[in-house]
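Below is one structure, written out as structure tokens; the observations come after it.
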Amino acid sequence: MATFSADVYQNEFLPDGGTDVHAIVTVACSGAGEAGQSGSGDAAEIVIVDTSGSMSGENIVAAQRAAAAALDQVLDGVWFAVIAGSHQARLAFPQDGRSAMVRMDATTRAQAKAAVGGFRADGGTAMGTWLTLATRLFAAVPSVTQRHAILLTDGYNQHETPEQLSAAIEAARGQFQCDCRGVGSAWQVAEVRRIATALLGSVDLIAQPQNMAADFEQIMRQSMGRGVADAALRVWAPQGSQVLFVRQVSPTVEDLTSRRQDVNPLTGAYPTGAWGDESRDYHVAVRLPAKAVGQEQLAARVQVAVADAVVAQGLVKAMWSNDDTLTTRIDPAVAHYTGQAELAEAIQDGLAAKAAGDTDTATVKLGRAVQLAQETGNEEATTRLRKIVEIDNADTGTVRLKRSVSKLDEMALDTASTKTTRVKK
Amino acid sequence: MTSTSGDDAAVGASGAATGHAAGAVGQSGQSGQSGQGGTALLCPKCSSPVASGERFCEACGADLGPAAAVGAPASTASVPPSQDAAPDGAGAPDGAVAPETAPAPCHECGGEVADDGYCTQCGAAAVSPRNHYSEQPAPEVAAVCDRGIRHVRNEDAVALAAGPDAGNRAVLVVCDGVSSSTDSDVASLAAARAARDVLAAIPGTRAGNSVGTRVAASAKALVMAADAANDAVIAHTSSRPGNPASCTFVAAVLEGVELTVGWVGDSRAYWLPDTGVPRLLTVDDSFAAEQIADGVSRAEAESGPQAHAITRWLGVDAPDHTPRTVSLDLDGPGWLLVCSDGLWNYCSEARDLAALVTDTAGRSGSGPLALAGALVDWANAQGGQDNITVALARVPSAGPADTTARSTQPIAVTAP
Chain A
1 MATFSADVYQ NEFLPDGGTD VHAIVTVACS GAGEAGQSGS GDAAEIVIVD TSGSMSGENI
61 VAAQRAAAAA LDQVLDGVWF AVIAGSHQAR LAFPQDGRSA MVRMDATTRA QAKAAVGGFR
121 ADGGTAMGTW LTLATRLFAA VPSVTQRHAI LLTDGYNQHE TPEQLSAAIE AARGQFQCDC
181 RGVGSAWQVA EVRRIATALL GSVDLIAQPQ NMAADFEQIM RQSMGRGVAD AALRVWAPQG
241 SQVLFVRQVS PTVEDLTSRR QDVNPLTGAY PTGAWGDESR DYHVAVRLPA KAVGQEQLAA
301 RVQVAVADAV VAQGLVKAMW SNDDTLTTRI DPAVAHYTGQ AELAEAIQDG LAAKAAGDTD
361 TATVKLGRAV QLAQETGNEE ATTRLRKIVE IDNADTGTVR LKRSVSKLDE MALDTASTKT
421 TRVKK
Chain B
426 MTSTSGDDAA VGASGAATGH AAGAVGQSGQ SGQSGQGGTA LLCPKCSSPV ASGERFCEAC
486 GADLGPAAAV GAPASTASVP PSQDAAPDGA GAPDGAVAPE TAPAPCHECG GEVADDGYCT
546 QCGAAAVSPR NHYSEQPAPE VAAVCDRGIR HVRNEDAVAL AAGPDAGNRA VLVVCDGVSS
606 STDSDVASLA AARAARDVLA AIPGTRAGNS VGTRVAASAK ALVMAADAAN DAVIAHTSSR
666 PGNPASCTFV AAVLEGVELT VGWVGDSRAY WLPDTGVPRL LTVDDSFAAE QIADGVSRAE
726 AESGPQAHAI TRWLGVDAPD HTPRTVSLDL DGPGWLLVCS DGLWNYCSEA RDLAALVTDT
786 AGRSGSGPLA LAGALVDWAN AQGGQDNITV ALARVPSAGP ADTTARSTQP IAVTAP
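Read top to bottom, the protein sequences are chains A and B.
As numbered in the working numbering, residues 1 to 425 make up the first sequence, in order.
As numbered in the working numbering, residues 426 to 841 make up the second sequence, in order.
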């Protein structure tokens, strides 16, 4: 039986007239069990592999191996399917002409791996069609309550309009989770990130095809270790207040604010997808009407809800004080993750400016990123930034753009920009 | 124990008291339960033992509801429940009137209060009854004890006892927990109640005895009360290392117009006659008071960096807790005011305080509960830097036969 906890890190003291309350809520899950084993419904997995013409050569061979490695991780009894994607989506397995998905066992595993082995690189790229087929396959198995897909691509979405892709993403939203991977340097991080963000998944670069299998294996193992099919973060805020934002800040930065679904007028639910034994940190900011010095107020109840039952709650408080020593202190967790979120934004904005030829903005933004990575101790980010800029002074954020930069290094910096380091508690 | 009616009854929430001769304080027509040795009552929240008649748990501050409130000195049937509740409506419902134990609605918006202690609508924190409470054992005797603004806990405590009629004995005890020590909020409340119970239970001293005998008996009673209070502080001192619990002590016993006051520390008693010279009756056991004795002005001494350093207190580390005492006959009518430094920090001089009380009573009305509440509000309006306790007893005009031999001067002052 999975158990959740919610711990709040904040400085609850506000100065006279202060209105904004910030808190980091660490949600931890333990005893999650394995996917589809909780008795509340079956789990399902779809492996989506780009088989467009550009995949020919070592990429398609690596993709075949990766898909097989992923299938090896799918637990027996879990429903699954394999989609071969080009300018159209093809159901590569099952191929009996009747089933949308089948349960994993020794036979279906061998059949599916054989089907994957027959992949040929041919055609264009229309990822929206892949998502649409996946949505339809998942919907065809009513007993399934936990749905997850892996999507691999190597190119940008040139055979359908952005609007078509958007429509497919919207239709898939809330239907399944999707971790996305791009191989090589011809795909667009922003485009694939759009899919991953909407479908509560991750986006990452696989620079070398030979690393693909290990990555797929890891993604599938993680998905199988998520025994809690779906949990929502609920944020209650008092009458007259405003939830400024709700943001996942660890392990990656994801702004959840716009995903709010009203539970009641004072409570919003933010979907967080499936959970294994893990912990994630959330940054919640609430604006309150100021109260008199000495007054205490609950600023937010941050809850974890599984199947509409609240399983954990943390309290975010506000206490107005005229004691400067109390009110000026910034909670280290809040400071750390505020910096990490700003770091992600600075990297993405800097790279976008660089791509658009705006060297000045790119230099300022990436300089700020170097400074924030230094301040928050994010050494991985510093290492990646070093491949894009010459750092003259990390403390002041003084940098120069490098003249020649590997496209893969830029993409690595972009995809990793949302990964955060944990605050030292 | 069952208290009987009139002067012949004794009041003791802890059950330590039994009936006595004339002069003991009683609760008219109310039956009480025995605490010590009787039915063991436990706090529903933290399972600490609680005395019958108490409105909230000494250990955790939980509202004990009506079951324990029966026989409470603080909630005699003669007092309307509306007066017994906190002025902002957040106080415990009077047990005799409101039998249900459902959590009180939010004091700010009337919404439902969740199990987590905050309103489900506006998020206001439910007020802990320990943070703000009042007592009014008789129409002419009342007190309000408040957390103030700056402090997170209310480490002040007050305990009162009084007969229903003006002229009965009234007992007013205030203890101010030392904020640098651990669990002082628990200890101060236990101390105030223990002292109140001792003083409420002592035999009357008026009839037949000489002034000297009466003064000596009262002073002895105050020493016993301070002993009981000190024992209570020690009993509530955590065994953990750190600063042991400690608090101040001031107790006033009023019988007719005869007043005896004992104190340890810097909580005070004032006599504020309607006409005549207002007087501070206590001399703080404090560094500031020592400076004043050496010729430094009161204003200067009480605003210095060591102004709040007290030189004597109750607690396991107290070098000496014997109260200094003063006795005098009051030239009523007027107000006996017993308070913690949360009030007098903003109005120390007796004549200033008398003016403040007159002025405040003009707006709040002359009822002691309303006036005590208004004085607490005033101290909060000045900044509420400390916990605030104001206890008041209205002293009526003495009869003509009584006034002849009365003096406003202390007729005895004892030093430890």
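Glycine is no exception: its CB is placed at the ideal position from the N, C-alpha and C atoms.
Remember, it's a predicted structure, so these values are computed and weren't measured experimentally.
Can the beta-carbon of residue i be found less than 9 Å from the beta-carbon of residue j?
i	j	result
V47 (chain A)	I150 (chain A)	yes
L200 (chain A)	R181 (chain A)	no
F176 (chain A)	A134 (chain A)	yes
Q546 (chain B)	P793 (chain B)	no
A285 (chain A)	D16 (chain A)	no
T125 (chain A)	Q158 (chain A)	yes
S553 (chain B)	D581 (chain B)	no
T415 (chain A)	V235 (chain A)	no
L233 (chain A)	V304 (chain A)	yes
F216 (chain A)	A66 (chain A)	yes
G276 (chain A)	G227 (chain A)	yes
M104 (chain A)	F119 (chain A)	no
Assuming residue i contacts residue j (C-beta within less than 8 Å), just tell me the rounded distance between them.
i	j	result
G740 (chain B)	S671 (chain B)	3 Å
S692 (chain B)	D601 (chain B)	5 Å
G314 (chain A)	A32 (chain A)	That pair is no contact at about 19 Å.
T51 (chain A)	Q88 (chain A)	That pair is no contact at about 10 Å.
P758 (chain B)	P666 (chain B)	That pair is no contact at about 51 Å.
M319 (chain A)	E12 (chain A)	5 Å
L343 (chain A)	A373 (chain A)	6 Å
Counting only C-beta atoms, is residue i closer than 9 Å to chain A at any point?
i	result
A539 (chain B)	yes
R776 (chain B)	no
G787 (chain B)	no
Q731 (chain B)	no
D513 (chain B)	Low confidence applies here, because D513 (chain B) scores a pLDDT of 37, under 50, leaving its location unreliable; read the following figure in that light. No, D513 (chain B) does not count as interfacial toward chain A.
P841 (chain B)	Any reading at P841 (chain B) needs caution, since the residue's pLDDT is 45, under 50, leaving its predicted position unreliable; the model's value is listed next. False, the Cβ-Cβ gap to chain A never drops below 9 Å.
I836 (chain B)	In this prediction, I836 (chain B) scores a pLDDT of 45, lower than 50, which makes its location untrustworthy; no coordinate-derived value is stated.
S813 (chain B)	It should be noted that the sequence gives Ile, not Ser, for residue 813 (chain B). Not closer than 9 Å to any Cβ of chain A, the Cβ of I813 (chain B) fails to qualify, so no.
G573 (chain B)	yes
By DSSP, does residue i sit in helix, in strand, or in coil?
i	result
H576 (chain B)	coil
P698 (chain B)	strand
T145 (chain A)	strand
R103 (chain A)	strand
V708 (chain B)	coil
H661 (chain B)	coil
E170 (chain A)	helix
Y558 (chain B)	strand
A66 (chain A)	helix
Can a CB atom of chain B be found closer than 9 Å to the CB of residue i?
i	result
L244 (chain A)	no
V293 (chain A)	yes
Q313 (chain A)	yes
P15 (chain A)	no
D323 (chain A)	yes
Q463 (chain A)	Beyond the ends of chain A as shown, which are 1 and 425, falls residue 463 (chain A); an answer cannot be given.
D262 (chain A)	no
L288 (chain A)	yes
S241 (chain A)	yes
R301 (chain A)	yes
If you draw a straight line from the C-alpha of residue i to the C-alpha of residue j, how long is it?
i	j	result
G588 (chain B)	A625 (chain B)	10 Å
A341 (chain A)	A100 (chain A)	40 Å
E379 (chain A)	K354 (chain A)	22 Å
S456 (chain B)	E565 (chain B)	Residue confidence is low: S456 (chain B) scores 36 on pLDDT, short of 50, so the model does not pin down where it sits. No coordinate-derived value is stated.
V577 (chain B)	D392 (chain A)	49 Å
V370 (chain A)	V61 (chain A)	38 Å
F138 (chain A)	R280 (chain A)	27 Å
T252 (chain A)	S417 (chain A)	9 Å
Q239 (chain A)	V293 (chain A)	20 Å
T327 (chain A)	Q807 (chain B)	21 Å
N736 (chain B)	V310 (chain A)	For the sequence presented, residue 736 (chain B) should be read as Thr rather than Asn. Going from the Cα of T736 (chain B) to the Cα of V310 (chain A) covers about 53 Å.
D519 (chain B)	Q297 (chain A)	Legend: pLDDT at D519 (chain B) = 35, less than 50; position of this residue unreliable, no value from coordinates given.
R788 (chain B)	A797 (chain B)	12 Å
I206 (chain A)	G184 (chain A)	7 Å
Which chain C residues sit within Cβ distance under 7 Å of residue i?
i	result
E296 (chain A)	The structure shown contains no chain C; its protein chains are A and B.
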